[in-house]
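Data first, discussion second: the structure below is written as structure tokens.
Number of protein chains: 2
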Amino acid sequence: MSLKELSQRLGLSQTTVSRALNGYPEVSERTRQRVMQLAREMNYRPNPSAKSLATGRTEHIGIVLPIEKNLFVEPLFGEYLAGVAQFLAEADMDITIIPTPFSQELEAYEQLAMSGRVDGLLISSPAVNDARVASLVGSNLPFVVHGRTHCDQAYSYCDIDNQGSFARATRLLIELGHQHIGFINGDHSLNYANDRYLGYKSTLEQYGITYDPSLCIQGEITEESGFNAAAQLLMHRPRPSALLISNMIFALGAMRALRQHGLEPGYNVAIIVHDDHLPYLQADKFDPPLTTTSSSIRKAGYEITKMLHHEIELGGNAPAKQQQLLEVDLIIRGSTRIRRN
Amino acid sequence: MSLKELSQRLGLSQTTVSRALNGYPEVSERTRQRVMQLAREMNYRPNPSAKSLATGRTEHIGIVLPIEKNLFVEPLFGEYLAGVAQFLAEADMDITIIPTPFSQELEAYEQLAMSGRVDGLLISSPAVNDARVASLVGSNLPFVVHGRTHCDQAYSYCDIDNQGSFARATRLLIELGHQHIGFINGDHSLNYANDRYLGYKSTLEQYGITYDPSLCIQGEITEESGFNAAAQLLMHRPRPSALLISNMIFALGAMRALRQHGLEPGYNVAIIVHDDHLPYLQADKFDPPLTTTSSSIRKAGYEITKMLHHEIELGGNAPAKQQQLLEVDLIIRGSTRIRRN
DNA sequence: GCACAAATTCAAAGCGCTTTGAAATATTAA
DNA sequence: TTAATATTTCAAAGCGCTTTGAATTTGTGC
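This is the structure we're talking about:
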């Protein structure tokens, strides 16, 4: 079923039918109804490739998925994607996932900027100095970064206040009397982890506590590395009386380590975790319920996509770059119930 | 940079340039080199929409993502997707994710079958009687199902032997002396969960143990529902001495419930879990290490995509439907170390 | 009834690629 | 050398849509 065939059956030109279908005003209501009805009956769907070729828009946003290192992002990726998808369902657009060997990532972005495969791009997990962003600011493909990076030119981003919220969490622990606070974090080359690190460190120093690098451990987001990190921290002397943990997966492993050492989380060791709202792993259901810095990564996916959509709609009208900081709540629960150690 | 421009610079026709680039034999090696080089220099990328329009292929495979209920699949979805992506990087194709309100899912599939947006489709989590499959077998869009469903016509699928592996796991528990085996499973309307249920039930009956429906609990894949299910099972009298658990997320919750009841997993209650190889949650690292039925869902994603790609390549040459069953290992670890209860 | 404007509709060009069928050139056999 | 064949190149049509600029129809005021 093509436009041509449809218009022949209607005894109208392709122009009129196309306009009727796309809601242009220069077609009479009577004709429009007639067209719409037959289109529905015939189950007509415009061919997307033809449409893209004619309009220059694909109605797809792109996400480059590095295939070697995606273990890394993964526990959060699905949830983030759900947020992206939720917005796109409203906008009636699709996601193009571009699987790319890590070694060819940059070229992939450069290609995308030229090829018109997608109308815009979403960038996740930026590094402190992100080469992808540096490359894209020079192109005219709309993109929004989930997180921030160091870049001398303006770019659109949607982030949370990682530094601020981890500063708050650290402050809370200090005010509860903790002097030795272990920190289990993501890789510091990633901006979000670096920001959290800065929030932690600066708050310690603000309270006159010397920052001890051996209390701060980086790792991939797996239960196991949470366990290993906690196990290592528990060997530290004096033993940390509190743990600050960058995500729920780490927390699982850390709590396993605590128990294995005969320590009860929340009683012998205070815990604060950053909670991205993985629906299958709820912080308030833990034993004890976990004190968290809390921010929905699904919401982030939704909001960043809304921003990208906005830039796409504006087209070449060089819109001001947007930036959005999503709320982070500090939710106090049982895992910080005791003071001191 | 278009083909036209490129061919003008070369003093060749578009035909020749197109053929040189696409490796057709009717162009001399000298010309081909010349073309390829300039194309590289100019950083030429053919416009994908134009290409699709001309060839009828998009180099995209589709995945419909129901946006309301995707909480459900999610913990496994990322890992599955990683496998899909891994194969597609080799085949140089992309994934189109089509976000769809659950209520419009079927129409979305029908549309896709007509519109030529994708070259093929991947179906996940089929129901026992799956309407999507029933609808697609009538179309000529290639698709492969991850799992199986009841359908009178042939279709391609890639699955694991859920029934067999859960039968084996149940048998192991029975032979270890367990008579009361609790089962925490996914929703029985989904075929994979139903198969597991059948494996469990038939094995019980085979050993002359009456199947007790109150020992079999269904739920969404969250830590919390694993906890609730286990808590409920522990109230059962006589108390089950073993738990069969459908995935690692459930297992987290179940073990929390056990501990809360003062029971030690593997000692007071035996546990077997199905392990999909979530890289961030490893069964052998649990405490105690978990006995599992083990099968990589990432591998499944890779294999199913390979199958789909094969069907796409074959095109209209009505290929025989393919079916593949991936291996499931029964790996015995500490969580089944004790006999009886 | 007519001239004029407004409302509808249309034919045709164009988006950037592939592919068919024909033309030009190079190669070989006699 | 010439005819016949093989090799290389080309012009043009077509994929299914949008959109421009023109043409047709309808409606208005006098």
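Keeping their order, the protein sequence lines are chains A and B. 1 is the number of the first residue of the first sequence in this note's numbering; add one for each residue after it. 1001 is the number of the first residue of the second sequence in this note's numbering; add one for each residue after it. Glycine included, C-beta positions come from ideal geometry on N, C-alpha and C.
What three-state label does DSSP hand glutamine 1260 of chain B in the structure shown?
helix
Backbone secondary structure at glycine 1062 of chain B - three-state DSSP
strand
Environment of threonine 1170 of chain B [buried if 16+ CB atoms lie within 10 Å]:
buried
Could you give the DSSP three-state label for isoleucine 1209 of chain B: helix, strand or coil?
Looking at isoleucine 1209 of chain B - three-state DSSP - the assignment turns out to be coil, as it is neither helix nor strand.
Would you mind sorting phenylalanine 1183 of chain B into buried or exposed? The rule is 16 or more other CB atoms within 10 Å of its CB.
Flag for phenylalanine 1183 of chain B reads buried.
Out of B:Leu1173, B:Gly1116 and B:Leu1112, which one is the CA nearest neighbour of glycine 1266 of chain B?
B:Leu1173
Sheet register partners of glycine 120 of chain A (DSSP bridge)
A:Ile61
If I follow the unbroken beta strand (DSSP E) through asparagine 1157 of chain B, where does it start and stop?
It should be pointed out that residue 1157 of chain B corresponds to tyrosine in this sequence rather than to asparagine. Here the beta strand (DSSP E) through tyrosine 1157 of chain B covers 1156-1160.
Quick one: using the 10 Å Cβ neighbour count with 16 as the cut-off for buried, is methionine 42 of chain A buried or exposed?
exposed
Tell me whether alanine 131 of chain A is buried or exposed, calling it buried when 16 or more other Cβ atoms sit within 10 Å of its Cβ.
exposed
Tell me, please, whether the CB atom of aspartate 1159 of chain B is closer than 8 Å to any CB atom in chain A?
no
How would you label serine 103 of chain A, buried or exposed, when you count the other beta carbons within 10 angstroms and need 16 or more for buried?
exposed
For asparagine 341 of chain A, which three-state DSSP category applies?
Note that asparagine 341 of chain A scores a pLDDT of 43, beneath 50, so its modelled location is shaky and nothing firm can be said.
Please classify alanine 85 of chain A as buried or exposed, where buried requires at least 16 neighbouring CB atoms within 10 angstroms.
buried
Do glutamate 79 of chain A and leucine 314 of chain A have their C-beta atoms closer together than 8 Å?
no
Is glutamine 8 of chain A helix, strand or coil by DSSP?
The answer is helix: DSSP assigns glutamine 8 of chain A an H, G or I state.
Taking Cβ positions, are glutamate 1074 of chain B and leucine 281 of chain A nearer each other than 8 Å?
no
Rank A:Ala193, A:Glu59, A:Arg9 and A:Gly226 by C-alpha distance to the C-alpha of serine 165 of chain A and give the top, closest one.
A:Ala193
Endpoints, the beta strand (DSSP E) within which phenylalanine 143 of chain A is located:
That run of the beta strand (DSSP E) goes 143-146.
Is DSSP giving glycine 334 of chain A helix, strand or coil here?
In the structure shown, glycine 334 of chain A sits in a helix (DSSP, three-state: H, G or I).
Which residues DSSP lists as bridging phenylalanine 183 of chain A, in chain order
A:Cys216 and A:Leu244
Rounded C-beta distance between histidine 178 of chain A and alanine 242 of chain A? I'm assuming under 8 Å.
4 Å
Measure the beta-carbon distance from lysine 1004 of chain B to tyrosine 1155 of chain B and round it to whole angstroms, keeping in mind my assumption that it falls under 8 Å.
Going by Cβ atoms, the distance from lysine 1004 of chain B to tyrosine 1155 of chain B rounds to 43 Å, so no, they are not a contact pair.
Which residues in chain A sit within 8 Å of arginine 1337 of chain B, going by Cβ to Cβ distance?
Within chain A, no residue comes near arginine 1337 of chain B; the closest Cβ sits about 17 Å away, beyond 8 Å.
Does DSSP classify tyrosine 287 of chain A as helix, strand or coil?
It is aspartate, not tyrosine, that sits at residue 287 of chain A in the sequence shown. Three-state DSSP puts aspartate 287 of chain A in coil, outside helix and strand.
Any beta carbon of chain B sitting closer than 8 Å to that of serine 7 of chain A?
no
Between which two residues does the beta strand (DSSP E) holding isoleucine 272 of chain A run?
270-275
Valine 273 of chain A and serine 295 of chain A - do their beta-carbons sit closer together than 8 Å?
no
Comparing the C-beta of proline 288 of chain A with each C-beta of chain B, is any distance below 8 Å?
Closer than 8 Å: no.
Candidates B:Ile1338, B:Ile1312, B:Gln1323 and B:Arg1333: which alpha carbon is nearest alanine 1091 of chain B's?
Comparing Cα-Cα distances from alanine 1091 of chain B to each of B:Ile1338, B:Ile1312, B:Gln1323 and B:Arg1333, the minimum goes to B:Ile1312.
What residues match up with glutamine 323 of chain A in a beta bridge as DSSP calls it?
A:Tyr157
Comparing C-alpha positions only, which one of B:Arg1117, B:Arg1034 and B:Thr1016 sits nearest to serine 1052 of chain B?
B:Arg1117
Which two residues bound the contiguous alpha helix (DSSP H) that contains proline 1279 of chain B?
Segment: none, proline 1279 of chain B is in no alpha helix (DSSP H) and carries neither H nor E.
In the DSSP assignment, what residue or residues form a beta bridge with isoleucine 98 of chain A?
A:Val64
Per the contact definition of three or more C-beta pairs closer than 8 Å, is the segment 1227-1241 of chain B in contact with the segment 1198-1209 of chain B?
no
Quick one: is asparagine 1043 of chain B near chain A, going by C-beta distance under 8 Å?
yes
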